[in-house]
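Just so you know, we're using my numbering here: the sequence shown kicks off at 4 and counts up by one. Just so it is clear, CB atoms sit at the ideal spot from N, CA and C, and this is done for glycine as well. Treat the numbers as computed from the prediction; the structure is a model and nothing was measured. See structure below.
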Amino acid sequence: MIYKEEKIKVLRFNEASGFYTTKKRSKIMSNIHGKNTKPELLFRKALWQHGVRYRLHNKKLPEKPDISIQKYKLAIFIDGEFWHGYDWEERKQSLKSNRDFWIPKIERNMQRDKEVGQQLYDMDYMVFRFWEKEIKTDLQRCIKDVLVFLDTATNP
4 MIYKEEKIKV LRFNEASGFY TTKKRSKIMS NIHGKNTKPE LLFRKALWQH GVRYRLHNKK
64 LPEKPDISIQ KYKLAIFIDG EFWHGYDWEE RKQSLKSNRD FWIPKIERNM QRDKEVGQQL
124 YDMDYMVFRF WEKEIKTDLQ RCIKDVLVFL DTATNP
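Dropping the structure here:
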């Protein structure tokens, strides 16, 4: 199935687009990492301790999932609440600055998450998406969800 929703357009975050950036803001943004975040490392360590072996950021899969297990056709994403729109309708109202940039940016991220989920589903992959805060507050439940899936995939 092809995802047919029109892609959301996101302005470039630069002065030419009307966004003033400071050196301080630039430094803050440069410290944000998309890979190997603390919640990802916690999750991976816990999986490893349960004997689960996996691949990181598999380039053969759409959007390179944080963790994938090809044998079981499993893709796991650990999403940041801000970047992927956790509780979006409520949070969107609280954005105060650069709304013209951030609202389309986050909505496009959410749209891309759906597209990637559909692509993986079409490839017969099971997709797990966990919020970073879920990993921080309830890691054992998240790990258990994955282990239950692996157990049912191994013993149908």
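In angstroms, rounded to a whole number, what distance separates the CA positions of residue i and residue j?
i: threonine 140; j: methionine 129; result: 23 Å
i: aspartate 103; j: lysine 10; result: 16 Å
i: glutamine 96; j: proline 159; result: 45 Å
i: methionine 126; j: valine 55; result: 22 Å
i: lysine 26; j: lysine 147; result: 43 Å
i: phenylalanine 80; j: serine 100; result: 28 Å
i: isoleucine 138; j: glycine 83; result: 11 Å
i: leucine 123; j: arginine 132; result: 12 Å
i: threonine 40; j: glutamine 121; result: 25 Å
i: tyrosine 75; j: alanine 156; result: 7 Å
i: leucine 77; j: valine 149; result: 9 Å
i: lysine 62; j: proline 42; result: 21 Å
i: glycine 88; j: aspartate 154; result: 31 Å
i: histidine 60; j: leucine 45; result: 16 Å
i: lysine 108; j: lysine 48; result: 31 Å
i: asparagine 112; j: tryptophan 86; result: 7 Å
May I ask you to report which of helix, strand or coil DSSP gives residue i?
i: valine 130; result: strand
i: serine 71; result: strand
i: leucine 45; result: helix
i: leucine 153; result: helix
i: isoleucine 146; result: helix
i: arginine 58; result: strand
i: isoleucine 11; result: coil
i: proline 159; result: coil
i: leucine 123; result: helix
Closest to residue i by CA distance: which of the options is it?
i: lysine 12; options: Lys136, Pro159 and Gln114; result: Gln114
i: tryptophan 91; options: Ile106, Leu45 and Ala78; result: Ile106
i: lysine 38; options: Lys10, Lys48 and Lys67; result: Lys67
i: glutamine 52; options: Thr157, Gln143, Lys62 and Ala156; result: Gln143
i: isoleucine 70; options: Tyr57, Glu93, Tyr89 and Leu153; result: Tyr57
i: aspartate 116; options: Cys145, Glu135, Phe152 and Pro65; result: Pro65
Are any of the Cβ atoms in chain C nearer than 8 Å to that of residue i?
i: aspartate 125; result: Absent from the structure: chain C. Only one protein chain is present.
Of all the alpha helix (DSSP H) runs that stay within the bounds of the region 77-101, which reach a length of 4 or more residues? If only complete runs of 4 or more residues are kept, the region 77-101 shows the alpha helix (DSSP H) at 84-87 and 91-97, in order along the chain.
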